[in-house]
């Protein structure tokens, strides 16, 4: 027989001014199964909590209803009170008579009547509550960081420096990501390589970090604390264990005119190559598509030049299986394909370049050794036009968002250009200058005031070639008239976009993404580094356009989340999970289709001799997040959700 | 009729969006019609059409289903399942001779307290216009009468 205790809180005046609590307590006291029905000014206060505990002990209550504020407010408080009084905490429910009753209604009688309904409904629910235990799952203390850009590097180092194991997977032959391609960084003009490469080396040498470059995450299974990850080690054709990185093979390689991805097509590389001189690890890979040997079976010049026989043309992709406890996704971004901007002439005129190409021109380690030279004729440009928002904030080209970094890097480009080409003149077309950040606005002011960049507020409609000059036609919206500037070089601040395979990869890991393919955080404000999947965290530009400080901050935040997870041997989770009735399950797998978390597995029911009698659905409580979609899907009522069972909900409905 | 008809409406809402939106309406002290009783569920995906039928059978004059906006579901897809189920269930209601107007479907996020209050007022007004749902008596006859014969 149920013995329910109902505790009606006045919440000072908040509830009592609208709901007649005395009348409510009296009416609820008559409800079948209610053993205690009392009111008090503040049940959340110390004496209030004590009175609840005493009532539980004195009356051997089998369930508790706190008729008070929202469960989002104090459910945890009162569940703890119940646990302290020896009652299973999941036998406590909250009747929300403040946020959803006393605060929103004017009529006292109506409010009192509604409070009665709400309380009765919860009483009927709690009568059917089951004693639940939090679910404990073990934690594998090894983190996987996906992506070796600055965010991935930071996350890996933070986790490893705290003494936990890290596996860092990078798709490219070297660590570094986009930051390695940059010249100087705003707003301090630190040389990008100088601040990044020491960290890359630190990663490679860290005893707690296992670095896997030229590798890709093939498959992720499992759940928080217990992921099973399969990694494909792409064949380098160079034995990474013996190669010393001497570079003889690259010198001898006869294929020398391949457009360098790292230099954004402004430089050349060989078929056996490292992306850049400071690559970590400094071990080359053979580009199978360009290598003469792979094309026609002859050459092997690199193999002959290698004194330690590190080159092996028969190498195959290898697979590594790892047990992982937490994942940090730091897969970064790409720049938008400018093909959509035919009017700017990118691809048609060699001197119309992207911002990233300008970085390669400006950097000392780039194809021009840091001199700003036109790709077409190698001359110094006298006039440069920078076009901001060449892609961003343009719904017609599919990017509605602001790429966030372009205002700053364009200001930096104009500044670097002024420092390198003293007689040069730069013009910047902008929509708005968004320079929010520490020292950012001062930086753009410096570009305008000290380095004499002329900023024109307006869009560019067309770029064409006339008498050897790139004619840039735009509008100056502040003066209200069109302008045409003859330029020697045009730099497009192209939009940041997600990696081309971002959506596909999100499905591999099981995380949510937005319409563009940026990965969604669990809550934009309160949980900005957690993905929609427990145990998977986000860092850097894979989540949204970000600059370097923001990426690093997010990476460190993700690392701290991982470390918090690793601070325990086991995890405790709310036991609101689904379970199946194996006796009635017909194995239609409707629930498998419904489950957003792949938490439902097929389970074989065997007879004594080990033969399969039938296959049924079985819920993995570690993966189940408790949405209950499967319950509604099940045609044979063979699956139910703890805490929100069919019985409980029907009882609630019936009581109303 | 001298007295205005006060409909009884049962709302099935998800805890992450609409329940939180209803709490926000409360903390913002917005006033709305007292006709709705809220049943909290983890997700709109958990809402079985049977809950709705049971509520109608027990004398509810109107039903409200509300959850996270498409794309915002805490459980990624639950609200899409709810929406698809609702499209089918609407036809079933129509087929059974129950006006689909009595069952409202809506998206309210945790930030939309004002929208929640407006929604409750509008739904209450709409259901009030439809009048009391008397068909439930027939439903009871059909489902429960044989046992009492």
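Protein chains in written order, with the numbering used here: chain A, 1 to 656; chain B, 1001 to 1149.
Yeah, the Cβ is synthetic: ideal placement off N, Cα and C, and Gly gets one too.
No experiment lies behind these values; they were computed from the predicted model shown.
Verify the CB distance criterion: does residue i have a CB-CB separation below 9 Å to chain A?
| i | result |
| --- | --- |
| residue 1005 (chain B) | no |
| residue 1023 (chain B) | yes |
| residue 1074 (chain B) | yes |
| residue 1030 (chain B) | yes |
| residue 1091 (chain B) | no |
| residue 1124 (chain B) | no |
| residue 1069 (chain B) | no |
| residue 1041 (chain B) | yes |
| residue 1047 (chain B) | yes |
| residue 1027 (chain B) | yes |
| residue 1034 (chain B) | yes |
| residue 1050 (chain B) | yes |
| residue 1078 (chain B) | yes |
| residue 1102 (chain B) | no |
| residue 1054 (chain B) | yes |
Does any CB atom of chain B fall closer than 9 Å to the CB of residue i?
| i | result |
| --- | --- |
| residue 35 (chain A) | no |
| residue 638 (chain A) | no |
| residue 107 (chain A) | yes |
| residue 544 (chain A) | no |
| residue 111 (chain A) | yes |
| residue 589 (chain A) | no |
| residue 121 (chain A) | yes |
| residue 11 (chain A) | no |
| residue 114 (chain A) | yes |
Let's test the definition: count the other Cβ atoms within 10 Å of the Cβ of residue i and tell me whether it reaches 16, buried, or not, exposed.
| i | result |
| --- | --- |
| residue 336 (chain A) | buried |
| residue 413 (chain A) | buried |
| residue 612 (chain A) | exposed |
| residue 407 (chain A) | buried |
| residue 1088 (chain B) | exposed |
| residue 58 (chain A) | exposed |
| residue 85 (chain A) | buried |
| residue 1077 (chain B) | buried |
Which of helix, strand or coil does DSSP assign to residue i?
| i | result |
| --- | --- |
| residue 7 (chain A) | strand |
| residue 158 (chain A) | helix |
| residue 34 (chain A) | strand |
| residue 16 (chain A) | coil |
| residue 550 (chain A) | helix |
| residue 87 (chain A) | coil |
| residue 22 (chain A) | helix |
| residue 723 (chain A) | Outside the shown range of chain A, which is 1 to 656, sits residue 723 (chain A), and nothing can be said about it. |
| residue 1096 (chain B) | helix |
| residue 249 (chain A) | helix |
| residue 643 (chain A) | coil |
| residue 1028 (chain B) | coil |
| residue 127 (chain A) | helix |
| residue 1150 (chain B) | Nothing about residue 1150 (chain B) can be read from this structure; chain B reaches only from 1001 to 1149. |
| residue 315 (chain A) | coil |
| residue 308 (chain A) | coil |
| residue 542 (chain A) | helix |
| residue 60 (chain A) | coil |
| residue 238 (chain A) | strand |
Quick check on this structure: which residue in the options has the alpha carbon closest to the alpha carbon of residue i?
| i | options | result |
| --- | --- | --- |
| residue 529 (chain A) | A:562, A:470, A:234 and A:510 | A:562 |
| residue 263 (chain A) | A:310, A:584, A:375 and A:164 | A:375 |
| residue 339 (chain A) | A:481, A:186 and A:390 | A:390 |
| residue 498 (chain A) | A:333, A:603 and A:230 | A:333 |
| residue 246 (chain A) | A:256, A:233 and A:272 | A:272 |
| residue 578 (chain A) | A:448, A:354, A:473 and A:644 | A:644 |
| residue 328 (chain A) | A:315, A:253 and A:224 | A:224 |
| residue 617 (chain A) | A:471, A:585, A:23 and A:517 | A:585 |
| residue 545 (chain A) | A:151, A:146, A:145 and A:34 | A:151 |
| residue 658 (chain A) | A:164, A:12, A:106 and A:168 | In the structure displayed, chain A extends from 1 to 656; residue 658 (chain A) sits before or after that span and is not available. |
| residue 515 (chain A) | A:400, A:629 and A:454 | A:400 |
Measuring only between beta-carbons, confirm whether residue i sits less than 9 Å from chain C.
| i | result |
| --- | --- |
| residue 592 (chain A) | Chain labels in this structure do not include chain C; the protein chains are A and B. |
Could you tell me the distance, in whole angstroms, from the CA atom of residue i to the CA atom of residue j?
| i | j | result |
| --- | --- | --- |
| residue 210 (chain A) | residue 322 (chain A) | 11 Å |
| residue 1057 (chain B) | residue 221 (chain A) | 44 Å |
| residue 347 (chain A) | residue 357 (chain A) | 13 Å |
| residue 581 (chain A) | residue 640 (chain A) | 8 Å |
| residue 253 (chain A) | residue 292 (chain A) | 9 Å |
| residue 537 (chain A) | residue 560 (chain A) | 10 Å |
| residue 42 (chain A) | residue 112 (chain A) | 18 Å |
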